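Down below is the structure, laid out as structure tokens.
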Amino acid sequence: MNPAITAATAGRVLRQLRNDPRTVAMLVVVPSVLMILLRYVYNGSQRTFDSIGLSLLGIFPFITMFLVTSVAMLRERTSGTLERLFTTRLAKLDLLLGYAGAFAVATVVQVGVVSLIAFGWLGLDARAGVGWVLALALASALLGMALGLLVSAFARTEFQAVQFLPAVVLPQFLLCGLLTPRSEMVDLLRWLSNLLPMSYAVEGLARVGQGTVDAVLFRDVAVVLACIVAALALGAATLRRRTS
Amino acid sequence: MADPAIAVENLVVYRGKRQVLFDLSCAVPAGQVTGLLGPSGGGKTTLLRSIVGVQVIRSGTVTVLGLPAGDPALRTRIGYVTQAPSVYADLSVADNVRYFAALTSGADRVEEVLASVDLADRAADRVDQLSGGQRARVSLACALVGAPPLLVLDEPTVGLDPVLRRDLWNLFHDLARGGSTILISSHVMDEAARCDRLLLLRDGRLYADDTPAAIRHQTGTEDLEEAFLRLATDSEEAR
Chain A
1 MNPAITAATA GRVLRQLRND PRTVAMLVVV PSVLMILLRY VYNGSQRTFD
51 SIGLSLLGIF PFITMFLVTS VAMLRERTSG TLERLFTTRL AKLDLLLGYA
101 GAFAVATVVQ VGVVSLIAFG WLGLDARAGV GWVLALALAS ALLGMALGLL
151 VSAFARTEFQ AVQFLPAVVL PQFLLCGLLT PRSEMVDLLR WLSNLLPMSY
201 AVEGLARVGQ GTVDAVLFRD VAVVLACIVA ALALGAATLR RRTS
Chain B
1001 MADPAIAVEN LVVYRGKRQV LFDLSCAVPA GQVTGLLGPS GGGKTTLLRS
1051 IVGVQVIRSG TVTVLGLPAG DPALRTRIGY VTQAPSVYAD LSVADNVRYF
1101 AALTSGADRV EEVLASVDLA DRAADRVDQL SGGQRARVSL ACALVGAPPL
1151 LVLDEPTVGL DPVLRRDLWN LFHDLARGGS TILISSHVMD EAARCDRLLL
1201 LRDGRLYADD TPAAIRHQTG TEDLEEAFLR LATDSEEAR
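Order-wise, the sequence lines are chains A and B.
The first sequence begins at 1 in our numbering and counts up one residue at a time.
The second sequence begins at 1001 in our numbering and counts up one residue at a time.
Structure below.
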């Protein structure tokens, strides 16, 4: 691994994003508009808006980074650039960290804008502080990125890559505790929920909303970080310098 | 021959269940332009992939610049241009070349390299706005920018106009005179005469490994296309 190559790769991915202003606009505008919509859907109930709004600040970056990474990595595989990169001294870790760095920047922009609207205008409240929200949003963005990288190995076309979004995201969304508290689920579903990383990101955000910075919050963050590392390691195993 | 830049011995490669290369041996001399010629589907790309170290091989050895193919120390010493231009369509020409420069030497030769492939005036344009031939040249520029001692080029001149093709061949010979080794594949026989040395690959087997003059002499014809036809017929009869 070589820091100059990692940085050059992050810069390259960011330049590709910047050259696609429509995608950047969608990345920022869609979650902002949804947040505003949510605020007025729950017009009478600030508490409900607080809890769902905070969860969404973690779910948006997860979904967008999953989608962007799975398509971007599939393009690297199908256009031949990945094979070419692997004839150079770029290490797998340079590629993974390069993508992670670039998407972390994109997430800071996305969550920054949405937070500004949500906290500054819509009156969303996170008692433990916006710093925690940003940290958890970043973690779930990187989780989305790592899973997107992994599934890109199992897709041959962009159509297939996009189909992985509902397959990977919707079960986690249904079981993360946003729609029904996890404690009220039947045992089987609660166990499933315990296996899915998004549950921990959403639980962590709920803690941040209540202002309880405790062992549970630290455990939640640790679980999400461990899942990122595991998914990245699995994803890295699908990147092969030599193919048949 | 002094130590060859590339030595292939008894190479056997399968892609899926199909055998693509059959016990193939050849040597590519250093400091020359060697042409790998033959019809499409004959195994040219697979041989080049084996040399740059991205192909899983069944048996045999491939030695490149004194090291086994795929050795990490070779990664800064080989410039590889794939058949389909493998560059980022959503980046500018200069951004592509600059990125590959960072992956190789890091030296800032972007303008010089773009001038050598006649793209200096398109540096700021996005690759997806270019024609197929121009994209192929961006891909070539990305390989040239690290000034590697070995260039492996998979059909880099397809779809280019004759003047540009001549200029690129002159560039390849200039690089060879400067000490680089160039292995270039083509299915166009009229490019054979421009090479210092020729490898003819057909159905995964090598039919010729010699200089154009020696091949002409051996087959008794001045026309290289005719010479290849005779070599191919002879070996098929021998088999």
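From the three backbone atoms N, C-alpha and C, an ideal C-beta is built for every residue, glycine too.
The structure displayed is predicted, hence computed values, not measured ones.
query, result
"For the region 1039-1073 of chain B, which segments carrying the beta strand (DSSP E) assignment without a break, of at least 3 residues, lie completely within its bounds, in sequence order?", "1059-1064"
"Output the boundary residues of the beta strand (DSSP E) element that contains GLU1009(B).", "1006-1015"
"Please state whether DSSP places CYS1142(B) in a helix, a strand or coil.", "helix"
"Mind checking which residues open and close the alpha helix (DSSP H) that includes GLN46(A)?", "46-79"
"Residues of chain B with CB closer than 7 Å to the CB of GLU184(A), please, in chain order.", "By Cβ distance, chain B contributes nothing, its closest Cβ being about 46 Å from GLU184(A), past 7 Å."
"Helix, strand or coil for CYS1026(B)? Go by DSSP, reduced to three states.", "strand"
"Between which two residues does the beta strand (DSSP E) carrying ALA1208(B) extend?", "1205-1210"
"Residue range of the beta strand (DSSP E) that THR1221(B) falls in?", "No beta strand (DSSP E) contains THR1221(B), which DSSP labels as neither H nor E."
"Residues of chain A with CB under 8 Å from VAL1052(B), in chain order?", "THR87"
"Closer than 8 Å between beta carbons: that is the criterion. Which residues of the region 1044-1075 of chain B meet it against chain A?", "VAL1052, GLY1053, VAL1054, GLN1055, VAL1056, GLY1070, PRO1072 and ARG1075"
"Output, in sequence order along the chain, the residues in the region 134-155 of chain A whose CB is closer than 7 Å to any CB in chain B.", "none"
"Considering only C-alpha positions, which residue in the set ALA1030(B), PRO1029(B) and LEU1048(B) is nearest to LEU1037(B)?", "LEU1048(B)"
"Residues of the region 17-32 of chain A in Cβ contact with chain B at a cutoff of 7 Å, in chain order, please.", "ASN19 and ASP20"
"Which of the three DSSP states, helix, strand or coil, is assigned to VAL1020(B)?", "strand"
"Judging by CA-CA distance, which residue of THR48(A), LEU56(A), MET185(A) and SER70(A) is the nearest neighbour of PHE159(A)?", "SER70(A)"
"For the alpha helix (DSSP H) that contains ILE228(A), what are its first and last residues?", "215-237"
"Can you give me the C-alpha to C-alpha distance between ASP1161(B) and ASP1223(B), rounded to a whole angstrom?", "23 Å"
"Looking at the C-beta of ARG77(A), does it have a partner C-beta in chain B at a distance below 8 Å?", "no"
"Determine the direct distance from the alpha carbon of ASN1096(B) to that of ILE1215(B), and round the result to whole angstroms.", "40 Å"
"What are the start and end residues of the alpha helix (DSSP H) that includes ILE36(A)?", "21-41"
"Looking at the structure shown, is THR180(A) part of a helix, part of a strand, or coil, going by DSSP?", "coil"
"Show which residues of chain A have a CB atom less than 8 Å away from the CB atom of THR1082(B).", "GLY80, GLU83 and ARG84"
"At what residue ranges does the region 1132-1199 of chain B contain a whole run of the beta strand (DSSP E), taking only runs of 3 or more?", "1150-1154 and 1181-1186"
"Apart from the five residues just before and just after ALA1101(B), which ones in its own chain have a Cβ nearer than 6 Å to its Cβ?", "VAL1145"
"For a test of the three-state rule: what should DSSP assign to ARG1077(B), helix, strand or coil?", "coil"
"Please confirm whether THR87(A) and TYR1080(B) have their CB atoms less than 8 Å apart.", "yes"
"With a threshold of 16 other CB atoms inside 10 Å of the CB of LEU1206(B), please say whether the residue is buried or exposed.", "buried"
"Cα-Cα, which of ALA1030(B), SER1050(B), PRO1004(B) and GLY1031(B) is closest to GLU1024(B)?", "Note that residue 1024(B) is Leu in the sequence shown, not Glu. Ranking ALA1030(B), SER1050(B), PRO1004(B) and GLY1031(B) by Cα distance to LEU1024(B) puts SER1050(B) first."
"Could you compute how far the alpha carbon of LEU1175(B) sits from the alpha carbon of VAL1062(B)?", "23 Å"
"Please list the partners that VAL1078(B) has in chain A, where partner means a Cβ-to-Cβ separation under 7 Å.", "Looking at the sequence itself, residue 1078(B) is Ile, so the reference to Val does not match. Ordered by position in chain A, the residues that pass the 7 Å Cβ test against ILE1078(B) are THR87."
"Please list, in chain order, the chain A residues whose beta carbon lies closer than 9 Å to that of LEU1091(B).", "ARG12, ARG15, GLN16 and ASN19"
"Quick check on LEU97(A) - is its C-beta less than 8 Å from some C-beta in chain B?", "no"
"For SER1092(B), which residues does DSSP report across the bridge?", "ARG1126(B)"
"Determine, for ARG1109(B), whether the minimum Cβ-Cβ distance to residues of chain A falls below 8 Å.", "no"
"Identify the continuous alpha helix (DSSP H) that holds LEU136(A) and give its terminal residues.", "130-152"
"Determine the direct distance from the alpha carbon of ARG1202(B) to that of LEU1021(B), and round the result to whole angstroms.", "9 Å"
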